[in-house]
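K.L.:
The structure under discussion is supplied below as C-alpha cells; questions concerning it will follow.
There are 2 protein chains.
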Amino acid sequence: MIKIVAENYIKEEHQKEFLKLTKELIILSREEAGNISYHLYQDIQDPSHYTFVEEWQNQEAIDLHNQTKHFTTIVPQIKSFTSKPSRAVKYKEVQ
Amino acid sequence: MIKIVAENYIKEEHQKEFLKLTKELIILSREEAGNISYHLYQDIQDPSHYTFVEEWQNQEAIDLHNQTKHFTTIVPQIKSFTSKPSRAVKYKEVQ
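Chains A and B, in that order, give the protein sequences. The numbering of the first sequence is this note's numbering, which starts it at 647 and goes up by one. The numbering of the second sequence is this note's numbering, which starts it at 647 and goes up by one.
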C-alpha cells in the first residue's frame, strides 16, 4: 500500500469551483481498481489549505491513475486555482 | 472527526530509538477512547521524513491525548531527535 498526502492552497475566488471538480475527481478515483481510499480534508486553521489523503495498492495503480481522463483533465484545473506551490508526498506504512 | 497530519524529520542516528518510542506511543494512543486511528508512515523519497496520520473523535479527545503520560513523555523525546522543524496540521473532512 502507498499513501499519498497531496496539499493544495486554493484562492478564495476558486473554492466553489475547486470543490465541484474535486467531487468528480474523488468519485471517479474511488472507482479505480487500484484505489483503496481517496478523501479530501480542509485545514481547520487555514481554510484555503486542502489536502487529499489517498491510498493505492501499489505504484502501478498510481501510474494508471495519473493517466486517467479525470486526472489529466481535473488536476491541471486545480493547479490553476492555487495561490502557492502544491506539495505531494508518497509514503509507505511503518506501523 | 478531526484528522491530524504530523510530520517529523528524524536524524539517522536516532531512527532506531524513534521507531521504538513511536511503537509504544501508537499502541497506547490507539487504546484511548477518543482515538479512531493512529498510524505512522515513512516518506518513500526521504527516509528521514516520518508522518503520523491520526483520527480523533473531536477536539476534546485531542486535548485529553495531549495530557496523557505517553504523549507528555514520548513526544518531547521525539522532538529531540529531529533534524528540522516538525509540522502538524489539523483537518476536517470535506469529502
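Glycine included, every Cβ here is placed at the ideal spot set by N, Cα and C. The structure displayed is predicted, hence computed values, not measured ones.
If you pair each beta-carbon of the stretch 722-737 of chain B with each one of the stretch 685-694 of chain A, do three or more pairs fall below 8 Å?
P.N.:
Yes: the two stretches touch, three or more of their Cβ pairs being nearer than 8 Å.
K.L.:
Within the 8 Å Cβ cut-off, does A/Glu677 reach chain B?
P.N.:
On the first sequence, residue 677 of chain A is found 31 positions in, with the first residue counted as 1. So, not an interface residue.
K.L.:
Assuming A/Glu653 and A/His695 make a contact with CB atoms under 8 Å, what is their CB distance in whole Å?
P.N.:
Position 7 of the first sequence, counted from the start, is the residue given in the question as residue 653 of chain A. Position 49 of the first sequence, counted from the start, is the residue given in the question as residue 695 of chain A. About 7 Å; that satisfies the 8 Å criterion.
K.L.:
Around the Cβ of B/Ser675, are there at least 16 other Cβ atoms within 10 angstroms (buried) or fewer (exposed)?
P.N.:
Within the second sequence, residue 675 of chain B is the residue found at index 29, counting from 1. By the 10 Å Cβ count, B/Ser675 comes out buried.
K.L.:
Throw me the rounded Cβ distance for the B/Leu710 and B/Phe698 pair, which I believe falls under 8 Å.
P.N.:
In the second sequence, counting from the first residue as 1, residue 710 of chain B sits at position 64. In the second sequence, counting from the first residue as 1, residue 698 of chain B sits at position 52. That belief does not hold up - the Cβ atoms of B/Leu710 and B/Phe698 are roughly 17 Å apart, past 8 Å.
K.L.:
Going by other Cβ atoms of all chains shown within 10 Å of its Cβ, with 16 needed for buried, is A/Glu700 buried or exposed?
P.N.:
For this step, residue 700 of chain A is matched to residue 54 along the first sequence. Under this definition A/Glu700 is a buried residue.
K.L.:
Nearest to A/Gln741 by CA position, among B/Tyr655, B/Thr668, B/Glu663, is which residue?
P.N.:
Start at 1 with the first residue of the first sequence, and residue 741 of chain A comes out as number 95. Of B/Tyr655, B/Thr668, B/Glu663, the residue nearest in Cα terms is B/Thr668.
K.L.:
Within the stretch 674-741 of chain A, note down every full beta strand (DSSP E) run reaching 3 residues or more, in order along the chain.
P.N.:
The stretch 674-741 of chain A contains these whole beta strand (DSSP E) runs: 681-689, 695-702, 728-739.
K.L.:
Per DSSP, which residues does B/Lys649 bridge with? Please list them.
P.N.:
Here the question's residue 649 of chain B lines up with position 3 in the second sequence. Beta-bridge pairing links B/Lys649 to B/Glu701, B/Tyr737.
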